[in-house]
Structures are given as C-alpha cells and as structure tokens.
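Undergrad: Residue numbers (the numbering used here): 6 to 468.
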Amino acid sequence: MAGKRSSFSGTIGFVLAAAGSAVGLGNIWRFPYLAAKDGGGLFLLVYLILAVTFGFTLLTTELAIGRKTRRSSLSAYRRLNPRFKNLGILALIIPMVILPYYSAVGGWVMKYTVAYLTGNGAETATDGYFNSFISSETEPLIYTILFMAATAYVVYRGVNKGIESSSKILMPILLLMIVGIAIFSMTFEYTSDDGVTRSGLDGLKVFVIPDFTDLTLDKLSITIMDAIGQLFFSLSVATGIMITYGSYVKSEDNLIKSINKIEIFDTLVAFLAGMMIIPVVFVFMGQEGMNHSGPGLMFICLPKIFASMGTVGTVLGAVFFTMVLFAALTSAISMMEGIVASFIDKFGYSRRKSTAIEFVICAVVGILVCFGYNILYFELPLPNGVTAQILDLLDYISNNMLMPLLALLTCVLVGWITKPKKIIDEITLNGEPFTRKGLFIVMVKYIAPLLLILLLFKSVGVF
Ligand code: PHE
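(1) Identify every residue that forms a DSSP beta bridge with SER204.
(2) Taking DSSP as the reference, what is the three-state secondary structure of THR156?
(3) Where does LYS426 land, buried or exposed, given buried means 16+ other C-beta within 10 angstroms?
(4) Go through its chain and collect everything with a Cβ distance to TYR106's Cβ below 7 Å, but skip five positions before and after it.
(5) Could you name the residues of the same chain whose beta carbon sits closer than 8 Å to that of LYS173, not counting the 5 residues immediately before and after it, in chain order?
(6) Could you please give me the residues that DSSP links to THR392 through a beta bridge?
(7) Pop quiz: SER339 and ILE246 are said to be a contact at Cβ under 8 Å. What is the actual Cβ separation, rounded to whole angstroms?
(8) Straight-line CA distance for ALA312 to ASN32?
(9) From PRO37 to ILE282, what distance separates their C-alpha atoms?
(10) Which same chain residues, not among the five before or five after LYS351, have their C-beta less than 7 Å away from its C-beta?
(11) Could you tell me whether any non-hydrogen atom of the ligand PHE is closer than 7 Å to the CB of ASN405?
(12) Taking the alpha-carbon positions, what's the ILE521 to TRP421 distance?
(13) CA-CA distance, LEU457 and THR316?
(14) How is PRO300 classed by DSSP in three states: helix, strand or coil?
(15) With respect to the alpha helix (DSSP H) encompassing ARG357, which residues constitute its N-terminal and C-terminal limits?
(16) In whole angstroms, what is the alpha-carbon distance linking GLY466 and VAL370?
(17) Among PRO438, ASP430 and GLY46, which one has its Cα closest to the Cα of LEU225?
(18) Run the CB neighbour count on ARG88, radius 10 Å, all protein chains shown included, and call it buried at 16 or more, exposed below.
(19) Three-state secondary structure (DSSP) at ILE380?
(20) When we look at the beta-carbon of ASN91 and count the other beta-carbons within 10 Å, is it buried (16 or more) or exposed?
(21) Do the CB positions of ALA412 and THR272 come within less than 8 Å of each other?
(22) Can at least three beta-carbon pairs, one atom from the stretch 202-214 and one from the stretch 346-363, be found at a separation below 8 Å?
(23) Answer with buried or exposed for LEU220, where buried requires no fewer than 16 other C-beta atoms within 10 angstroms of its C-beta.
(24) Quick check on the DSSP output: the alpha helix (DSSP H) that includes ARG88 runs from which residue to which?
(25) May I ask you to report which of helix, strand or coil DSSP gives VAL465?
(26) Cβ of VAL274 within 8 Å of Cβ of VAL28?
(27) Which same chain residues, not among the five before or five after ILE99, have their C-beta less than 8 Å away from its C-beta?
(28) Taking the alpha-carbon positions, what's the LEU63 to GLY163 distance?
(29) Should the stretch 112-121 be regarded as contacting the stretch 137-156, the criterion being three or more beta carbon pairs within less than 8 Å?
(30) Taking the alpha-carbon positions, what's the SER359 to TYR148 distance?
(31) Cα separation between LEU277 and LEU387?
(32) Using CA coordinates, which residue listed in GLY299, MET341, SER190 and PRO308 is at the minimum distance from ARG356?
(33) Determine whether the beta carbon atoms of GLY251 and ILE428 lie at a separation below 8 Å.
(34) Suppose you measure from the CA of LEU97 to the CA of GLY343; what does that come to, to the nearest Å?
(35) Judging by CA-CA distance, which residue of ARG75, ILE452 and GLU257 is the nearest neighbour of GLY443?
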C-alpha cells in the first residue's frame, strides 16, 4: 500500500461522494428507458421492492467489507478469505468494462450540453440528429475522450480534494434542478393528431400505477432481470466501488445511517428522473413512444419536447443536460477511483501512474464503443429482447452477467463462509441499532443467491 490511506473528512463528505457515485446516468438515462420499456408502474414496483431488500443487502455488505479490511476491492476479498481472492479481480474488471461505454454516453451528454449552451439546442430536436451524431466518425470520439480526461483529472487529484469537494457542490444542485424539472413536466398537456388529449398527470399514472393486465411470466421475469441489473448499476454495487469507498470511512462513523441516506437519495433521484421523463414522453408520444424507448430515449425525445416549449425549452434543455453531465462525471469518477485505488494498493504504483494506465485502457475500449456505431456496426439480438451494438453488449455483459456473478459469489462468501455476523459486527461497531438485521441475514444467505442464480440462467439464455 502506498503511503497513508486517505479517508473522507466526515460522514457528510462520504455520503455525498457515495451518493455522487450512485446517482448518475443510471438514474437519469438508464432507469427511465427501462421503466418505459417494461411498462412503467410494474417496473417501478419491482424496482422499489428490490431496492429495500436486495440493494440494501449488497450496499451494506460492500461498505462493511471495505471498512473492515481497509482495502480496495482488489485486495479486500483476499483479506476476507484467500480462497475468494479472485473476486477482487472480477470486481476490478467490471468497472473497467463499464467505464468506457459509460464515458461514451457521458460524451453524448457533453455534446448535447455544448449544443444547448451555445444556443444550438433546437437543432438537436431535428429528425435523425441523434443517430447521425453517434454514427459520425470523429465527434463522438472527441467528446468521449474529453469526458474521460475530465474524469481522470479529478481522480488524479485524489479523494479529498477532488471527489469530496466536487460532490459537495454538485449533488445538492443536482437535486434542486431535478425536482424543478419533474414538477414542470407535470404541467404538460397535448392533443395528438387523432384528437386524443393526454396530460402530464395521465403520464404520471402510467409511471406509478402498475398495470397487471396481459402480464405473462416471461414479461415479469424480463422485468425482474432488468430491475436487478439496474439496481446494481444504479447503486454502484457489485462493482467493487462501494468496497473501496467503504475503506475510506472512519470507524467511528455511523455506517447504517449513511447506507439509508445513500439508498434513499439514489432511489429518489431515479424516481424523480422517471417523473421528469416518462410523463412527458407519454404526453407527446403516447404508449407507442413508451414501448419503443431505448438508450436513445433521453437524447431523442427530450430535445423534441424542449423544442416544443420554445425559449423556455432552450433554457430548460441547457439546465437539464448540464445537470446530467455533472451526475455522470461524479459516477465516472467513482468508477475510475475504484480501479485506480486497486492499482495503487496492489501494485504500489503512484496515483499518477495508475490513473494514466487506466485512462489509456479506457480510451482504447471507448474508441471501440464509438466505432460500434459506424465502422464496427453489427446487430446482435440479446436474451432480454435488445438488439445490441458494442455499447449494449458491454452493458449486458456487465449488468446482466458479471455483476450478478460477483454479487452471487459475494453473498456466498459473506452468508456461508465468513458468516453474516462479521458484517453485522462491523456496521454495529459503535453499538448502532440495526433494524433490518433479520432481513439482511435471510437475504444474504438464501434469497439473494437464489434469485441471482435464476437471473444468471436467464441472462445466458438457459430459459
Ligand atoms: N451508479 C452509477 C449510475 O447510476 C453508475 C456506476 C456504476 C458507478 C457502477 C459506479 C459503478 O450512473
């Protein structure tokens, strides 16, 4: 380990940084399009149930492992049990798979932010704008690399100076902006060409009230699979990141309170993002628009909506994309920090060297992701009904296969080998009351592993 281990200066700094990691493109770009694809209310219901059981269990486990071992993920698993040391490698590979495509989407957001801030927002609403942008050869590359460079710069400056101070400013601003836009989107009303009038409140109902008509087992299982993948992604669990962040938390800090706050904040932002996007999509494009939403939802639908609002829309668009860019950066920073911290702990490299190495790896894969929309274009059908390019493929491999696998093995390790008591002792170190203790034990030993095994079978297409 190189030098003294840095730590967060206090609980607030830690909670904001962890929430900064959790809240990102997952909440704002990924959650709404999955919710729309899987039928709004049903997805939301499944997601919420999983968040307070599944998500909570994993978040608790990982933060506790980090604080207990005082190691980033690469070495933390070995400390806990040498036979499970390879989980550290898996936990290192996962963010290395995610970060390149995350940065590509971050690059798209940067492009839109620049367009709106320079007064060209209306252009982004024209037909085919998004597709012709992502399939062009140089622009997406430039923005992707810029996004990665900004991330690497903050990581290079270190935990306290970089991550904490940026999160302290950006997170509260983000929340305020998102609440404002969500409220605003409730006020929409639109009469389509065939004379149907839909209001923002109708859209809200579609988002929050589950529709069980026509529900099939297949649809439910795809919804659960999507929701679990999304939950991991959104909470930044099953990526080793929360282990690394946990390792920076002081022993006297109350972990349980922090976990509750991170969970609530992350879920709230996803919910609000759904509230800001789904009703608007429903108002202007109806059920049809919902069913056909994919990764482009945010980039194709929202500019059209902003454009239909005139000048207000241009301002709102600028605010919105700036906000998403902030959120994406804090998450990307955490991912790169996880990787860099592992390099530092394991190989004793300097922060500078570790950051440089990861930047190069990330850039190479990121370039491939961008080429996936032009010179390396292919169409690959996936078991969850998505027709994938390189980006979707990396997303599927990480969220639906590698993350469930890591989560499963972590549950086996904690539930059966080291025993849940070790985690419980760590988080109640200062005598903190742990109300969801029973739930935690049952989840980590039985329910989570079972669900994860089913999910893995489903993801590789066994059924
Ligand atoms: N949780 C982040 C988001 O919602 C993404 C992320 C995934 C960050 C994994 C770190 C690790 O956007």
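Heads up, the beta-carbon is just placed ideally off N, CA and C, and yes, glycines get one too.
Bear in mind that the values here come from a model prediction, so they are computed numbers and not experimental data.
TA: Taking the coordinates as given:
(1) As a working mapping, residue 204 is identified with position 199 in the sequence shown. Paired residues: GLU194.
(2) As a position in the sequence shown, residue 156 is number 151, starting the count at 1. Three-state DSSP puts THR156 in a helix.
(3) Locating residue 426 in the sequence shown gives position 421, counting from the first residue. Exposed, because fewer than 16 other Cβ atoms sit within 10 Å of the Cβ of LYS426.
(4) In the sequence shown, the residue the question calls residue 106 occupies position 101. Closer than 7 Å at the Cβ level, and outside the excluded window around TYR106, lie VAL374, LEU396, LEU399 and ASP400.
(5) Numbered from its first residue, the sequence shown carries residue 173 at position 168. Only ILE17, GLY18 and LEU21 meet the Cβ criterion.
(6) Here the question's residue 392 lines up with position 387 in the sequence shown. Answer is PRO386.
(7) The residue given as residue 339 occupies position 334 in the sequence shown. The residue given as residue 246 occupies position 241 in the sequence shown. Going by Cβ atoms, the distance from SER339 to ILE246 rounds to 5 Å, so yes, they are a contact pair.
(8) Against the sequence shown, residue 312 aligns to sequence position 307. Against the sequence shown, residue 32 aligns to sequence position 27. Distance between the alpha carbons of ALA312 and ASN32: 23 Å.
(9) Looking up residue 37 in the sequence shown gives position 32. Looking up residue 282 in the sequence shown gives position 277. Approximately 7 Å between the Cα atoms of the pair.
(10) Counting from one through the sequence shown, the residue named residue 351 turns up at place 346. So the qualifying residues of the chain are LEU79 and SER80.
(11) As a first step, residue 405 is located in the sequence shown; it is residue number 400 there, counting from the start. Every heavy atom of the ligand PHE is 7 Å or more from the Cβ of ASN405, so no.
(12) No answer is possible for residue 521: it lies beyond the span of the chain, which begins at 6 and ends at 468.
(13) In the sequence shown, the residue the question calls residue 457 occupies position 452. In the sequence shown, the residue the question calls residue 316 occupies position 311. About 48 Å.
(14) Working through the sequence shown from its first residue, we reach residue 300 at position 295. Coil.
(15) Your numbering for residue 357 matches position 352 in the sequence shown. ARG357 -> alpha helix (DSSP H) spans 356-376.
(16) By 1-based counting over the sequence shown, the position of residue 466 is 461. By 1-based counting over the sequence shown, the position of residue 370 is 365. Roughly 26 Å between the two C-alpha positions.
(17) For the purposes of this step, residue 225 is taken as residue 220 along the sequence shown, with counting starting at 1. Per the Cα distances, GLY46.
(18) Here the question's residue 88 lines up with position 83 in the sequence shown. So ARG88 ends up on the exposed side.
(19) To locate residue 380, count along the sequence shown from 1; it is residue 375. Looking at ILE380 - three-state DSSP - the assignment turns out to be coil, as it is neither helix nor strand.
(20) As a first step, residue 91 is located in the sequence shown; it is residue number 86 there, counting from the start. It is exposed - the Cβ of ASN91 has fewer than 16 other Cβ atoms within 10 Å.
(21) Here the question's residue 412 lines up with position 407 in the sequence shown. Here the question's residue 272 lines up with position 267 in the sequence shown. Their beta carbons are not under 8 Å apart, which means ALA412 does not touch THR272 by this criterion.
(22) no
(23) For the purposes of this step, residue 220 is identified with residue 215 of the sequence shown, where counting begins at 1. Burial call: exposed.
(24) Locating residue 88 in the sequence shown gives position 83, counting from the first residue. Looking at the DSSP string, ARG88 is not in any alpha helix (DSSP H), and its letter there is neither H nor E.
(25) Counted from its first residue, the sequence shown places residue 465 at position 460. Correct three-state label for VAL465: coil.
(26) What you label residue 274 is simply residue 269 of the sequence shown in a count that begins at 1. What you label residue 28 is simply residue 23 of the sequence shown in a count that begins at 1. Yes; because the gap between Cβ atoms is below 8 Å, this pair is in contact.
(27) Here residue 99 refers to the residue found at position 94 when the sequence shown is read from its first residue. Excluding sequence neighbours, ILE99 sits near ALA243, THR244, GLY245, SER403, LEU407, MET408 and LEU411.
(28) Along the sequence shown, one-based indexing puts residue 63 at 58. Along the sequence shown, one-based indexing puts residue 163 at 158. If you take the alpha carbons of LEU63 and GLY163, they lie about 26 Å apart.
(29) yes
(30) Start at 1 with the first residue of the sequence shown, and residue 359 comes out as number 354. Start at 1 with the first residue of the sequence shown, and residue 148 comes out as number 143. Going from the Cα of SER359 to the Cα of TYR148 covers about 23 Å.
(31) Working through the sequence shown from its first residue, we reach residue 277 at position 272. Working through the sequence shown from its first residue, we reach residue 387 at position 382. Each residue's Cα considered, the two are about 29 Å apart.
(32) Here the question's residue 356 lines up with position 351 in the sequence shown. Here the closest residue by C-alpha is MET341.
(33) Residue numbering aside, residue 251 sits at position 246 when the sequence shown is read from its first letter. Residue numbering aside, residue 428 sits at position 423 when the sequence shown is read from its first letter. It is not a contact, given that the beta carbons lie outside the stated cut-off.
(34) Within the sequence shown, the letter at position 92 stands for residue 97. Within the sequence shown, the letter at position 338 stands for residue 343. Straight-line Cα distance between these residues: approximately 8 Å.
(35) Position 438 of the sequence shown holds residue 443. If we check each option's Cα against that of GLY443, ILE452 comes out closest.
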